[in-house]
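I have placed the structure first, in the form of structure tokens, so that the comments after it can refer back to it.
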Amino acid sequence: MGAQSSSTRTDFEWVYTQQPHVSRRKMILKKYPEIKKLMGPDPHFKYIVSALVIFQVVSAYFICKLSYPWVVVISYFLGGVINHSLTLAIHEASHNVVFGNYYPMYNRLFGIWANLPIGVPMSVTFKKYHIEHHRYLGVDLYDVDISTDWEGRFFCSTPRKFLWLFLQPLFYALRPSLVRPRPPTKLEILNYVIQFVFDVLVYYFIGPKGLVYFIGGTLLCMGLHPMSGHFVAEHYMFDRGHETYSYYGPLNYLTFNVGYHMEHHDFPYIPGSRLPEVKRIAAEFYDGLPQHNSWIGVLWRFLFDNDVGPYCRTKRNYEDIYGERKSENPYYDADNSMKPVLVGDPIVPVPSSEERTTTRNGHVEPPLGDHKKEL
């Protein structure tokens, strides 16, 4: 496949079943109710993250004495790696696994604390959209983790996908406000103010190299970097019919086990430190599912495989799954919300010839009427 070849996909993978994590969670808990004991805050997490925040501030003080080329290099190999870990600490805090569900404000404030070395305010806004990513996984206009249609059409060749990966922090930051704009909350404004004050203090006491170390490291490590492979690995459809993938390799030690992504979506209130125990207890529910062995390999395949690109995401229409038309959905079960997806089975059902029609976009769908684009 040549570097200039374009992706063979021209649309997302539209499906009409509920996300698989709902039914799998029920089946696992029915067989292994002891997994509920793993839910709840991790008492060690706040100390580990606080140590990373302090380490970053101290490092910035000493690194500012170096030349700019060295600052950039160290930002890529050290500061950016730690900042990427801190973004995933914010991810953990968004699920209230720092202080528990009874203390949501403490979790939000801790997320703001972990946000400081990242250089740009993101913690509270991330939480606002990320919870919908779990609740409405793959739902059009609700799950802002999914690339836009423009991204799928434009970033379809290897050079353009390379650019897309490099600019991934920009898309990740701007896409929510473009796809699903929502007014800022008071906590978001507090996040902005605290981060701005911190950045000003860094500039005053450490100098501009301190900000290059913080912000530059964040941008570099969320773009073309081995750790950023998890952005693509988690939900891009490398195996048709499967929308969530786990990775069990060594980079989990730097990312609070975010690689255990199937387990995380099945049990979002279990902290990352305990997700390997979920995998151990309920191994038969996960061992047969597709998984990634390398985040670098994921990035390589994303770049050079013509069948993989921003369009390789599973999508659902809200009305078909949750709205008024769900009763018309042939895969809807009134007693169980949606007919359960068996473990190991693809999430994309194959409708019979009587049930399906082809839309103007080329994907197959049941005859449920036109999809609404304004929700």
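According to my numbering, the sequence shown is numbered sequentially starting from 229. Glycine included, every Cβ here is placed at the ideal spot set by N, Cα and C.
- Around the C-beta of S295, fewer than 16 other C-beta atoms lie within 10 Å, and the residue is accordingly described as exposed.
- With respect to F530, G451 sits apart: the two C-beta atoms are not nearer than 8 angstroms.
- A check of alpha carbon separations from Y546 across Y275, I340 and E360 identifies E360 as the nearest.
- When secondary structure is reduced to three states using DSSP, T238 falls in the coil class, being assigned neither helix nor strand.
- Here the segment 342-355 makes no contact with the segment 376-386; the two share fewer than three CB pairs at distances below 8 angstroms.
- Y370 and D515 have their C-alpha atoms roughly 30 angstroms apart.
- Taking C-beta separations shorter than 7 angstroms and ignoring five residues to either side along the sequence, the partners of P332 in its chain run N324, following chain order.
- When the five nearest sequence neighbours on each side are left out, the beta carbons in the same chain lying within less than 7 angstroms of the beta carbon of M465 are those of E241, E471, C540, R541 and T542, in order along the chain.
- Checking the DSSP bridge columns, you'll see K265 has no partner listed.
- Of all alpha-carbon atoms in R237, A461 and G366, the one lying nearest the alpha-carbon of N521 is that of A461.
- For the pair F273 and P499, the CB atoms are nearer than the 8 angstroms cut-off.
- For Y475, the secondary structure class from DSSP, reduced to helix, strand or coil, is strand.
- Beta-carbon to beta-carbon, H249 and H493 are separated by about 4 angstroms, close enough to satisfy the 8 angstroms threshold.
- For H312, the closest C-alpha among the options L439, R237 and P397 is that of P397.
- Partner residues in a beta bridge of Q284, as assigned by DSSP, do not exist.
- Boundaries of the alpha helix (DSSP H) around L429: K414 to F433.
- With fewer than 16 other CB atoms across the displayed protein chains lying within 10 angstroms of its CB, S405 is exposed.
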